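In what follows, a structure is listed as structure tokens, so that the remarks can point back to it.
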Amino acid sequence: MTDSELQGENDTTLHEARLWRDDGWTARVIKNEDDDGWAVQMIKDGEAEPALTGPWTMGRDKKNPKPLDPNAFRTLVKTVSEVLRRHEQQRHAILHKDVTVRANGEDVLVTLDIVPDEDDPYADLKASDSLGTPLAHVRVSAGFKLSKTSAQAWVDNDFRAPD
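Counting from 1, position 104 in the sequence shown corresponds to residue 117 in this note's numbering; the numbering is continuous, with no gaps.
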């Protein structure tokens, strides 16, 4: 079997007025349950739930939805990618904190990385010097509050696990 035949068998590209599948994404135009309008769902390949659902433009007849087209699909992919990127940044900001404190005249970077395990959430509290060399690592409660004060106290206490 040739490469192009293999690609054709695995190709899930679909371009229809209300369903567009390409580049790892599916755009589906659906009836908006909240009003008389239309909505579009963007679903990443392999995912069960839409990554984004938003309003969709009415067609010229003011009854049916505007059909999907290459430009609209590219815009939707760009939008959903940006939304997912922002969610990831927000999640990282919630789960990762860092502060710099001084110890023996040197900067010490203290980081807290929360591991949101469903059964046993915890956090890793780590310290490293200005060159990135690890100085200490302890496991703490996921509720541990990292601040300059708590970081300095940990460093000053010879990196003993905080209470």
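All residues carry an ideal CB built from backbone N, CA and C; glycine is no exception.
In this text, all values refer to a predicted model and were calculated from it rather than measured experimentally.
Cβ-based neighbour list, residue i, same chain, cut-off 6 Å, excluding 5 preceding and 5 following
i: residue 58; result: 37
i: residue 2; result: Residue 2 lies beyond the residue range present for the chain, which begins at 14 and ends at 176; the question has no answer from this structure.
i: residue 31; result: 42
Straight-line Cα distance separating residue j from residue i
i: residue 86; j: residue 62; result: 18 Å
i: residue 175; j: residue 128; result: 17 Å
i: residue 82; j: residue 69; result: 13 Å
i: residue 97; j: residue 103; result: 10 Å
i: residue 146; j: residue 117; result: 16 Å
i: residue 169; j: residue 60; result: 47 Å
i: residue 108; j: residue 75; result: 46 Å
i: residue 111; j: residue 158; result: 11 Å
i: residue 173; j: residue 152; result: 11 Å
i: residue 7; j: residue 67; result: In the structure displayed, the chain extends from 14 to 176; residue 7 sits before or after that span and is not available.
i: residue 10; j: residue 89; result: Here the chain covers residues 14 to 176 and nothing more, so residue 10 does not appear.
Close Cβ partners of residue i (< 7 Å) along its chain, the five nearest in sequence each way excluded
i: residue 34; result: 25, 26, 27
Does the pairing of the segment 107–123 with the segment 136–145 give three or more beta-carbon distances under 8 Å?
-> Yes, they touch.
Could you give the uninterrupted runs of the alpha helix (DSSP H) lying entirely in the segment 78–132, keeping only those of 4 residues or more?
-> Segments of the alpha helix (DSSP H) lying fully in the segment 78–132: 83–108.
Are there three or more Cβ pairs, one per stretch, closer than 8 Å when the segment 159–167 is compared with the segment 105–121?
-> As far as the Cβ criterion goes, the segment 159–167 touches the segment 105–121, which means the pair count is three or higher.
Any chance you could list the beta strand (DSSP E) runs of at least 3 consecutive residues sitting entirely within the segment 26–54, in chain order?
-> Counting only runs of 3 or more, we get 32–35, 38–44.
Enumerated in chain order, which unbroken segments of the alpha helix (DSSP H) with a length of 4 residues or greater are wholly contained in the segment 132–169?
-> Segments of the alpha helix (DSSP H) lying fully in the segment 132–169: 161–169.
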